[in-house]
Amino acid sequence: MQRPATVVRRLTVALAALLAVTAAAPAAQARTEPKAPKGFVALSDVDPTIIQEMRYPTKHNFVGRPIDGYRQPICILTRTAAQALHEVQQRLVRRGYSLKVYDCYRPQRAVNDFVAWAEDPKATQMKAEFYPRVDKSRLFADGYIAEKSGHSRGSTMDLTVVRLPARPTPPYRPGQRLVPCYAPKSERFPDNSIDMGTGFDCFDTLAHTLDPRVKGTQHANRLLLKHAMEAAGFVNLAEEWWHYTYQPEPFPNTYFDFPVSRASLHGRR
Numbered sequence: 054m055q056r057p058a059t060v061v062r063r064l065t066v067a068l069a070a071l072l073a074v075t076a077a078a079p080a081a082q083a084r085t086e087p088k089a090p091k092g093f094v095a096l097s098d099v100d101p102t103i104i105q106e107m108r109y110p111t112k113h114n115f116v117g118r119p120i121d122g123y124r125q126p127i128c129i130l131t132r133t134a135a136q137a138l139h140e141v142q143q144r145l146v147r148r149g150y151s152l153k154v155y156d157c158y159r160p161q162r163a164v165n166d167f168v169a170w171a172e173d174p175k176a177t178q179m180k181a182e183f184y185p186r187v188d189k190s191r192l193f194a195d196g197y198i199a200e201k202s203g204h205s206r207g208s209t210m211d212l213t214v215v216r217l218p219a220r221p222t223p224p225y226r227p228g229q230r231l232v233p234c235y236a237p238k239s240e241r242f243p244d245n246s247i248d249m250g251t252g253f254d255c256f257d258t259l260a261h262t263l264d265p266r267v268k269g270t271q272h273a274n275r276l277l278l279k280h281a282m283e284a285a286g287f288v289n290l291a292e293e294w295w296h297y298t299y300q301p302e303p304f305p306n307t308y309f310d311f312p313v314s315r316a317s318l319h320g321r322r
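Here our numbering runs 53 ahead of the position in the sequence shown, where the first position is 1.
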């Protein structure tokens, strides 16, 4: 049988531990996420006509699950990049087309998530679609994954062109049969964009903007996007037909980590 003094002492210790946890809870809740500076906007507030099909908050991406830091499926950009994209949209709409963005600002935590995934040799559930001809051990060496991304500076976006009127893209169903991203458009994952020769985020040399194997209509479609974007001050990444950065960047040396959400644009300084 325990002595009364021992029982009291143990109850006192337990109560102190409980109070410590209770006191720590509000402090943890009080920690706030970083906010976007005033130079950032939601693209839909600048141009609501640009189609948004944000891939990284979903399971249809090369990782196969929602990516850390994407709280909402919205495009956030620096205001200057968003306004320049609005100019591109105005020109394309007059020709019967619309832009469609797949990704815009990307928080550093999402880049870290990509790096951690790339270092896991067992996580290959989406290989058959996004990198069927690339060994996962080569993703860093071949430049498909890096520890820093221009997207985190806020003026880079991944996008394509859709012919108007735009038809909806069928939703991705986890577990459905995966088709290589470089397969003919009629065979790969359905996308309402014009045929660019590969799907978005295709880890393959065929995704290089001016790859000589991409000819005819596919080549012309890539040039349609490239010329429209360059006319508004955007620069293409030669290895990815979908990747453009507005120049000059308002934040050329800053890699932000605020979450992709409307809340990141509220209450900021």
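Don't be surprised by glycine CBs; every beta carbon is placed ideally from N, CA and C.
- For T262, the secondary structure class from DSSP, reduced to helix, strand or coil, is coil.
- Beyond the five residues adjoining it in sequence on each side, H139 comes within less than 8 Å, by CB distance, of V99, D100, I103 in the same chain, given in chain order.
- The continuous beta strand (DSSP E) containing D156 extends over residues 150–156.
- For V99, the enclosing alpha helix (DSSP H) stretches over residues 96–99.
- Taking the C-beta atoms as reference points, T213 is found nearer than 8 Å to K153.
- For Y123, the beta-bridge partners assigned by DSSP are V313.
- For R220, the secondary structure class from DSSP, reduced to helix, strand or coil, is coil.
- A Cβ-Cβ distance of about 12 Å is found for the pair V94 and A137, leaving them out of contact under the 8 Å criterion.
- As DSSP reads the structure, N289 sits in a beta bridge with Y297.
- Leaving aside the five residues that flank E106 on each side, the residues in its chain whose CB is nearer than 7 Å to its CB run, in chain order, K153, Y155, T222.
- By the beta-carbon neighbour count (other beta carbons within 10 angstroms, threshold 16), R108 is buried.
- For Q142 against S151, the beta-carbon gap comes to about 7 Å, under 8 Å, which counts as contact.
- Less than 8 Å divides the Cβ of V313 from the Cβ of Q125.
- Below 8 Å, too few C-beta pairs join the region 300–320 and the region 265–284 to call them touching: fewer than three.
- DSSP, read as helix, strand or coil, puts F167 in helix.
- The three-state reading of DSSP puts V146 in helix, counting H, G and I together.
- Remark: C-beta atoms of R147 and A281 do not approach each other more closely than 8 Å.
- Residue ranges of uninterrupted beta strand (DSSP E) with 3 or more members, entirely inside the region 174–232 and ordered along the chain, are 209–216.
- Distance from D211 to H296 at the Cβ level is roughly 6 Å; contact confirmed, criterion being Cβ atoms closer than 8 Å.
- In summary, S205 is buried, with 16 or more beta-carbon neighbours lying within 10 Å of its beta-carbon over all protein chains present.
- Only residues of its own chain outside the window of five on either side were considered, and among them L192, I198 have a CB closer than 6 Å to the CB of A171, listed in chain order.
- Separation of F287 and Q300 (C-alpha to C-alpha, rounded to the nearest whole angstrom) is 6 Å.
- When C-alpha distances from H113 are compared across R186, E302, F242, the shortest belongs to F242.
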